[in-house]
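Asks: So that we are looking at the same thing, I have put the structure below in structure tokens.
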Amino acid sequence: MAAKTLTIDGKSITAEEGATVLQVAEEAGIKIPTLCHLEGIYDVGACRLCLVEVVGVPKLLPACATKVAEGMEINTDSERLRKYRRMTLELLFAERNHVCAVCVSNGHCELQTMAYSLGMDHVRYEYLFPKWGVDTTQRLFGMDHNRCILCTRCVRVCWHIEGAGTKNVSGRGTKSHIITDLNMPWGESVSCTQCGKCVQACPTGALFHKGSTAGEMERDRGKLEFLVTAREKHQWVVAV
Amino acid sequence: MALEHASGDKRFKILEVHMKKHQFRHDALIEILHKAQELFGYLEDDLLLFVSYKLKLPPSRVYGVATFYHFFTLKPKGEHTCVVCMGTACYVKGADKVIGAVQEHLKIKAGETTADNNVSLLTARCIGACGIAPAVVYDGSVTPRQSPESALEHINKWVAK
Chain A
1 MAAKTLTIDG
11 KSITAEEGAT
21 VLQVAEEAGI
31 KIPTLCHLEG
41 IYDVGACRLC
51 LVEVVGVPKL
61 LPACATKVAE
71 GMEINTDSER
81 LRKYRRMTLE
91 LLFAERNHVC
101 AVCVSNGHCE
111 LQTMAYSLGM
121 DHVRYEYLFP
131 KWGVDTTQRL
141 FGMDHNRCIL
151 CTRCVRVCWH
161 IEGAGTKNVS
171 GRGTKSHIIT
181 DLNMPWGESV
191 SCTQCGKCVQ
201 ACPTGALFHK
211 GSTAGEMERD
221 RGKLEFLVTA
231 REKHQWVVAV
Chain B
1 MALEHASGDK
11 RFKILEVHMK
21 KHQFRHDALI
31 EILHKAQELF
41 GYLEDDLLLF
51 VSYKLKLPPS
61 RVYGVATFYH
71 FFTLKPKGEH
81 TCVVCMGTAC
91 YVKGADKVIG
101 AVQEHLKIKA
111 GETTADNNVS
121 LLTARCIGAC
131 GIAPAVVYDG
141 SVTPRQSPES
151 ALEHINKWVA
161 K
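The listed protein sequences correspond, in order, to chains A and B. Quick note on numbering: the first sequence equals residues 1 to 240 in the numbering used here. Quick note on numbering: the second sequence equals residues 1 to 161 in the numbering used here.
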């Protein structure tokens, strides 16, 4: 494969053709904030937190969905990017009902961690306070739509790793939400295998193990990576 | 051998012939949903399940697509439909006033149907008739340069009957 040379934050880097800006940056030790990206599943560029500046391109591009090109000059950190990332994050908070103190993922939440690391101390936008329900019809897991950020990780693990396609997104705009089969209670789903991969993938407290209370919900992302490596490379890397 | 739908409704058979024309391809989902809505008027759960089963697609995908596009409706439509174009040109020419007047008159919101199942009020995002803005589609016929008064006049013809 042809090699591409580019610079990220002034650092000159050689990358394989077809690699994404995010992959290349990570290999070079440059951290770009992400929320919808999950190792092992394909990217969709949904959360817009990984936006980067590319010299010569007027708009910002999502690092996870942008392929490297010869001579690219990329900036991953600037006043403009910090401004947009905070704005995006604040809008995510304003869109649903994120109440950390009572959330199962308090302390282990990627949205919360991101807000801390980007220095988000308040939200400048009006909260929508939508009325979303909690689906606890499933035997093992629950889904609280109030905490969902629509990153579609659960949709993608169900589709790409488990292969069942139980979850998807319904509607558009503020009406968008995650559905199970034909928008039915999760417990009545025919296609769901109850594998729990969606629960492992969720960045917030939207998907949780039943019975977990505030701050108790921890996830094991390693399980997903283990499965992807096993399926795609036929290597069963069991950490001892 | 084609499986017949349990209800024996012939329209399922017509729909299946249509799917066959598309070789049951996954990417023909939108065309199939178009046909299904044309045949049945709206997409109820049973119909979506039939499509998902025949195309061998997860029900969640079919439901997701059906709810994403404005054109598809999952609830039965009324006897008459009134589609107010809310595209940019129509909007600046007063489509908001037209829809406001109709909403107030029929006591329903856009996307809803009157309780007697007579009139469905819908909106569209530019129907490509910007030259005659604001345009309203009454029962499938595009009508130019509407005002709140002319719209109510048109709707009252349906209500009177």
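Where a beta carbon is used, it is the ideal one built from N, C-alpha and C, also for glycine.
Within a Cβ cutoff of 8 Å, which residues of the same chain sit near B/Pro59, ignoring the five residues on either side of it in sequence?
Replies: So the qualifying residues of the chain are Leu48, Leu49 and Ser52.
Asks: Identify which residue in A/Gly187, A/Val44, A/Arg153 and A/Val228 has its Cα closest to the Cα of A/Val199.
Replies: With distances taken between Cα atoms, A/Val199 lies closest to A/Arg153.
Asks: Do the stretch 137 to 149 of chain A and the stretch 94 to 107 of chain A meet, that is, are 3 or more Cβ pairs less than 8 Å apart?
Replies: Yes, since at least three Cβ pairs between the stretch 137 to 149 of chain A and the stretch 94 to 107 of chain A fall closer than 8 Å, the two stretches touch.
Asks: Going by CA-CA distance only, name the one from A/Gly18, A/Ile8 and A/Asn168 that's closest to A/Gly29.
Replies: Nearest of A/Gly18, A/Ile8 and A/Asn168 to A/Gly29, Cα basis: A/Ile8.
Asks: Of all the residues that make up the stretch 31 to 48 of chain B, which are near chain A by a beta-carbon distance shorter than 8 Å?
Replies: Those would be Asp45 and Leu48, in chain order.
Asks: Can you find a C-beta in chain B that's less than 7 Å from the C-beta of A/Gly256?
Replies: Since the first residue shown for chain A is 1 and the last is 240, residue 256 of chain A is missing from the structure and cannot be characterised.
Asks: Quick one: what's A/Ile74 bridged to in DSSP?
Replies: Partner(s): A/Ile8 and A/Val54.
Asks: Taking C-alpha atoms, which residue in B/Lys54, B/Tyr63 and B/Glu31 lies nearest to B/Glu44?
Replies: Comparing Cα-Cα distances from B/Glu44 to each of B/Lys54, B/Tyr63 and B/Glu31, the minimum goes to B/Tyr63.
Asks: Run through chain A and tell me which residues come within less than 9 Å of B/Arg125, C-beta to C-beta.
Replies: Correct list: empty, because the minimum Cβ distance to chain A is about 11 Å.
Asks: Could you spell out where the beta strand (DSSP E) holding B/Ala124 opens and where it closes?
Replies: Where B/Ala124 is concerned, the enclosing beta strand (DSSP E) stretches over Val119 to Ala124.
Asks: How is the alpha helix (DSSP H) around B/Ser52 delimited, first residue to last?
Replies: Segment Asp45 to Leu55, the alpha helix (DSSP H) holding B/Ser52.
Asks: For A/Lys223, return the contacting residues in chain B, with the cut-off set at a CB-CB distance below 7 Å.
Replies: Those within 7 Å of A/Lys223 in chain B number zero; the least Cβ separation is about 23 Å.
Asks: Among the residues of its own chain, which have a CB less than 6 Å from the CB of B/Met1, if the five just before and after it don't count?
Replies: Confidence in B/Met1 is poor, its pLDDT being 37 and thus under 50, which makes the residue's placement unreliable; the coordinate value appears in the next sentence. Nothing listed; no residue qualifies.
Asks: Can you tell me the Cβ-Cβ gap for A/Pro203 and A/Leu111, rounded? I've got them flagged as a contact below 8 Å.
Replies: That belief holds up - the Cβ atoms of A/Pro203 and A/Leu111 are roughly 6 Å apart, short of 8 Å.
Asks: For A/His209, which residues does DSSP report across the bridge?
Replies: Its beta-bridge partners are A/Phe141.
Asks: Beta carbons nearer than 9 Å to chain B: which residues of the stretch 146 to 172 of chain A have them?
Replies: For the stretch 146 to 172 of chain A, which is checked against every Cβ of chain B, the residues closer than 9 Å are Val155, Cys158, Trp159, Ala164, Gly165, Thr166, Lys167, Asn168, Val169, Ser170, Gly171 and Arg172.
Asks: In the structure shown, what three-state DSSP assignment does B/Ala2 receive?
Replies: Here the model assigns B/Ala2 a pLDDT of 47, short of 50, so the residue's position is not dependable and the matter cannot be decided.
Asks: Leaving aside the five residues before and after A/Thr166 along the sequence, list all residues of the same chain whose C-beta is less than 7 Å from its C-beta, in chain order.
Replies: Hits under 7 Å: Cys158, Thr180, Asp181, Ser189, Ser191 and Cys192.
Asks: Between which two residues does the beta strand (DSSP E) carrying A/Ile179 extend?
Replies: Note, A/Ile179: beta strand (DSSP E), His177 to Thr180.
Asks: Determine, using beta carbons only, whether A/Val21 and A/Val68 come nearer to each other than 7 Å.
Replies: Their beta carbons are under 7 Å apart, which means A/Val21 touches A/Val68 by this criterion.
Asks: With 16 as the cutoff for other CB atoms within 10 Å, does A/Val169 come out buried or exposed?
Replies: So A/Val169 counts as buried.
Asks: Tell me which residues of the stretch 188 to 203 of chain A have at least one Cβ-Cβ distance to chain B shorter than 7 Å, keeping chain order.
Replies: Here the close residues are Ser191.
Asks: Might you give, ordered along the chain, the residues of its own chain that have their beta carbon closer than 8 Å to the beta carbon of A/Arg82, omitting 5 neighbours on each side?
Replies: These residues qualify, in order along the chain: Leu118.
Asks: Ignore the nearest five residues each way along the sequence and tell me which others in B/Lys56's own chain have a CB closer than 6 Å to its CB.
Replies: Here the set comprises nothing.
Asks: With a threshold of 7 Å between beta-carbons, can B/Met86 be considered close to chain A, or not?
Replies: Taking Cβ atoms only, chain A never reaches closer than 7 Å to B/Met86, which makes this a no.
Asks: Run through the DSSP bridge pairs and tell me what A/Lys277 is partnered with.
Replies: Nothing can be reported for residue 277 of chain A, as the shown portion of chain A is limited to 1 through 240.
Asks: Helix, strand or coil: which one does DSSP assign to B/Val142?
Replies: Residue state, collapsed to three classes: strand.
Asks: B/Ser60 CB to nearest chain A CB: under 7 Å?
Replies: True, the Cβ-Cβ gap to chain A drops below 7 Å.
Asks: Within its chain, find whatever has a CB closer than 6 Å to the CB of A/Ala15; leave out the 5 residues flanking it on each side and keep chain order.
Replies: Here the set comprises Lys4, Val24 and Val68.
Asks: What residue range does the alpha helix (DSSP H) around B/Thr81 cover?
Replies: Run containing B/Thr81: none in the alpha helix (DSSP H); it sits in the beta strand (DSSP E), His80 to Cys85.
Asks: Please list, in chain order, all residues of the same chain as B/His154 whose beta carbon is under 6 Å from its beta carbon, the five residues on each side excluded.
Replies: Closer than 6 Å at Cβ, skipping near neighbours: Tyr138.
Asks: Just the Cα atoms here: how many angstroms apart are A/Val134 and A/Cys109?
Replies: In a straight line, the C-alpha of A/Val134 is about 18 Å away from that of A/Cys109.
Asks: Taking DSSP as the reference, what is the three-state secondary structure of A/Pro203?
Replies: Reduced to three states, the DSSP call for A/Pro203 is coil.
Asks: If I follow the unbroken alpha helix (DSSP H) through B/Lys10, where does it start and stop?
Replies: Lys10 to Lys21 is the span of the alpha helix (DSSP H), which, as asked, contains B/Lys10.
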